[in-house]
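Chains as they are written, first to last, in the numbering used here: chain A, 242 to 342; chain B, 12 to 448. All residues carry an ideal CB built from backbone N, CA and C; glycine is no exception. Note that this is a predicted model, so its numbers are computed, not measured. Structure first, then comments.
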Amino acid sequence: MRVGSISVGRSGDKGGTLDLTLVALDEQGYHWLESRLTEVEAQASISRVMPGVLRRYPVPGLRALKFVIEDALPGGVYATLHAGLHWQKAAIWVLLDLELD
Amino acid sequence: MEHRVVACGAGFAGDRTEPAVALAASGLVDAVGLECLAERTLVPGLRARRTDGDAGADPRLERRLRPLLPVARANDCRIISNLGAANPLSAGRQIARLASEIGCSGLRVAAVVGDDVIALAKHIEWQEPIVGEMLGAHAYLGADALRDAVDDGAHVIVTGRVADSALFSAEVLPILDDNLDALAGATTIGHLLECSGQLTGGNFEMPNGDSLTAQDFAELGFPLAHVRSDGSADLALLDGAPGRIDILTCTLQLLYEVHDPSAYITPDAILDLTGIRFEEIGPNRVRVSGARARGRPTRLKVSGFVEQPGFVADIEIGYAGTHALQRGRVAADALRMRLDNLPQKDLRIDLVGVDSTLGSASLPSPNRTPEVRVHVSARCSDAQMAQIVEDEVYSLTLSGPAGGGSVRSERRPSLAVVDGFIDRDLVKTETVWERAS
Numbered sequence: 242m243r244v245g246s247i248s249v250g251r252s253g254d255k256g257g258t259l260d261l262t263l264v265a266l267d268e269q270g271y272h273w274l275e276s277r278l279t280e281v282e283a284q285a286s287i288s289r290v291m292p293g294v295l296r297r298y299p300v301p302g303l304r305a306l307k308f309v310i311e312d313a314l315p316g317g318v319y320a321t322l323h324a325g326l327h328w329q330k331a332a333i334w335v336l337l338d339l340e341l342d
Numbered sequence: 012m013e014h015r016v017v018a019c020g021a022g023f024a025g026d027r028t029e030p031a032v033a034l035a036a037s038g039l040v041d042a043v044g045l046e047c048l049a050e051r052t053l054v055p056g057l058r059a060r061r062t063d064g065d066a067g068a069d070p071r072l073e074r075r076l077r078p079l080l081p082v083a084r085a086n087d088c089r090i091i092s093n094l095g096a097a098n099p100l101s102a103g104r105q106i107a108r109l110a111s112e113i114g115c116s117g118l119r120v121a122a123v124v125g126d127d128v129i130a131l132a133k134h135i136e137w138q139e140p141i142v143g144e145m146l147g148a149h150a151y152l153g154a155d156a157l158r159d160a161v162d163d164g165a166h167v168i169v170t171g172r173v174a175d176s177a178l179f180s181a182e183v184l185p186i187l188d189d190n191l192d193a194l195a196g197a198t199t200i201g202h203l204l205e206c207s208g209q210l211t212g213g214n215f216e217m218p219n220g221d222s223l224t225a226q227d228f229a230e231l232g233f234p235l236a237h238v239r240s241d242g243s244a245d246l247a248l249l250d251g252a253p254g255r256i257d258i259l260t261c262t263l264q265l266l267y268e269v270h271d272p273s274a275y276i277t278p279d280a281i282l283d284l285t286g287i288r289f290e291e292i293g294p295n296r297v298r299v300s301g302a303r304a305r306g307r308p309t310r311l312k313v314s315g316f317v318e319q320p321g322f323v324a325d326i327e328i329g330y331a332g333t334h335a336l337q338r339g340r341v342a343a344d345a346l347r348m349r350l351d352n353l354p355q356k357d358l359r360i361d362l363v364g365v366d367s368t369l370g371s372a373s374l375p376s377p378n379r380t381p382e383v384r385v386h387v388s389a390r391c392s393d394a395q396m397a398q399i400v401e402d403e404v405y406s407l408t409l410s411g412p413a414g415g416g417s418v419r420s421e422r423r424p425s426l427a428v429v430d431g432f433i434d435r436d437l438v439k440t441e442t443v444w445e446r447a448s
């Protein structure tokens, strides 16, 4: 199942840290996400695209998972070698487009 | 229960100007906050201030306030903004002059100063070594720095660096219950409001691809909040304003950029957001409650801006028509060969329209694409090196695959933002008043 078929998401950042949020549409979806999109699984997907160590914060009361990746954006947003500025606004699709069993 | 109505009229320096006017004109709003100062938006102001002591405020100040001031005044709506950027004192004078010019006589402007802590540099505990020239150091002030201006009835409060949430929570301070959880609630509401359209359906898409329509995005309403003395609030749009406020848009904005949701550090309180409850109480109307405080930080965060030599050169060249993707790939390979003397860590070459954003996590690309752009970014030690990289891309128009063109390039100066901390008792703030004649 595609993560983004049962959740919505948004990317943010502070300094060199990337900050991703997923919110499941319902309780069942949250439990599926919480059990499948583990810290290890999320780290593996993120590492295909950027450096940094990922930490996951489950927020069951809000049906949300947060993923905070320190040093994902070395030197901060403006030091990027991506085209233009703020590519990280799209980084949540690394997780939304993930297919998990 | 006593309440105040606070609205967001801007969520970043370049944000639209009409929503603030609509909110003020509604007559429903006690204060409209304009958040106009991102981490680095201060830097052009700091540079301008070096040569002209009266410069350094946001250059968009007049564009934003000329239409807003008379409407806000007529509707008894306070304006609270960090438009002061690197020079809130000058911004205060500019606003008073503008108000005099457009007939808002007697308008009282409070400039809050004290965020500039460069004079206290030896007390700042930097989190990494400072390499290069420090342009400035600014502390994130809390809502308490705005309290005098609110209590003394300022029509406009203008600041430099303050926590974004404080631009909204300051209005509520006089009615808040005397406990830290109420302050945590008001700060949380400020955090929910501070990114304008991100609470009302901007930057939002449902799993099936549904989002607002083009017309809704073009006329998107910005949010307002009825904040009660216990720190709970009802979030809403003006009647008839396009947008979407529901549990999903609220949850995404609540958790936006907070890192650890059980300990989001703001100058006013360390927020525990894990017990927040959202309740949809009507169309585009959501009740929020349950914020808790985990103490108040004893230190303020400081951002230091350090100028370093060098640039990032960012260049693109486009290919179109039959075989465009193939020609783009060949061009990218040729550039990799031409630039193989650059360290790999300082160079990125990819295809815009294929994989320039998400790299190897990109969706599979189609075999045929009507056009593609080859992108090169390189970290360059000086202007001459940047020129060489730019010229290498241009050279493909003569010595590369057929039809290369639509070239564009930009150079971004190298600037580091270094985090630091300072004891909050050392940071003295002051309110300086101006009055429109």
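Residue i: buried (16+ other C-beta within 10 angstroms of its C-beta) or exposed?
i      : result
V142/B : exposed
L326/A : exposed
I292/B : exposed
Q329/A : buried
R446/B : exposed
V99/B  : For the sequence presented, residue 99/B should be read as Pro rather than Val. The residue in question, P99/B, is buried, as its Cβ has 16 or more Cβ neighbours within 10 Å.
S367/B : buried
A110/B : buried
A30/B  : Here residue 30/B is Pro; the residue named in the question, Ala, does not match the sequence. Counting Cβ neighbours within 10 Å, P30/B comes out buried, since at least 16 surround it.
Ignore the nearest five residues each way along the sequence and tell me which others in residue i's own chain have a CB closer than 7 Å to its CB.
i      : result
A154/B : A177, S180, A181, L184 and D279
A345/A : No statement about residue 345/A is possible, as the shown extent of chain A runs from 242 to 342 and does not include it.
R277/A : L341
A283/A : L295, R297, F308 and L336
A102/B : A68, L72, L94, G95, A122 and V169
Helix or strand or just coil, what does DSSP make of residue i?
i      : result
E275/A : helix
R51/B  : coil
D325/B : strand
S180/B : helix
V16/B  : strand
R303/B : strand
H166/B : coil
T62/B  : helix
H270/B : coil
D357/B : helix
P301/A : helix
D260/A : strand
M145/B : strand
E401/B : helix
Alpha helix (DSSP H) containing residue i: first to last residue?
i      : result
P99/B  : P99 to E112
G364/B : Careful: G364/B lies outside any alpha helix (DSSP H) and carries neither H nor E.
V318/A : Premise fails: V318/A is in no alpha helix (DSSP H) and is neither H nor E.
I287/B : Taken as a continuous stretch (DSSP letters only), I287/B belongs to no alpha helix (DSSP H), as it is neither H nor E.
Beta-carbon within less than 8 Å of residue i's beta-carbon, same chain only, minus the 5 sequence neighbours each way: which residues are those?
i      : result
R251/A : L261, T262 and I333
L337/A : R243, V244, G245, S248, G250 and L263
R239/B : M12, E13 and H14
A274/B : I281, L282, D283 and R305
I287/B : T199, L265, V299, S300, G301 and A302
For residue i, which residues in the same chain have their Cβ closer than 6 Å to its Cβ, ignoring the five residues on either side in sequence?
i      : result
A83/B  : A35 and I90
S417/B : G329
R359/B : S388
A165/B : R119 and A121
Y271/A : A265 and R304
A32/B  : Reading off the sequence, residue 32/B comes out as Val, not Ala. If we look at V32/B and ignore the five residues flanking it on each side, its Cβ neighbours are P78, L79 and V82.
R75/B  : T28
I326/B : V387, E401, V404 and S420
Grab the span of the beta strand (DSSP E) containing residue i for me, first residue to last.
i      : result
L235/B : L235 to R239
P30/B  : Careful: P30/B lies outside any beta strand (DSSP E), inside the alpha helix (DSSP H) at E29 to A36.
Check whether the Cβ of residue i lies closer than 8 Å to any Cβ atom in chain C.
i      : result
M145/B : Looking for chain C here will not work: the only protein chains present are A and B.
Problem - the segment 413-422 of chain B in contact with the segment 122-136 of chain B per 3-pair CB rule at 8 Å - result: no
Exercise for the section: State whether the segment 43-58 of chain B contacts the segment 89-108 of chain B, with contact taken as three or more CB pairs (one from each stretch) at a distance under 8 Å. Expected result: yes
Practice task
Count the C-beta pairs between the segment 245-263 of chain B and the segment 219-227 of chain B that are closer than 8 Å, then say yes if the count reaches three, no if not.
Solution key: yes
Exercise for the section: Report yes or no: do three or more beta-carbon pairs, one from the segment 288-295 of chain A and one from the segment 305-314 of chain A, lie closer than 8 Å? Expected result: yes
Practice task
Could you say if the segment 309-318 of chain B and the segment 377-391 of chain B meet the contact criterion of at least three C-beta pairs nearer than 8 Å?
Solution key: no
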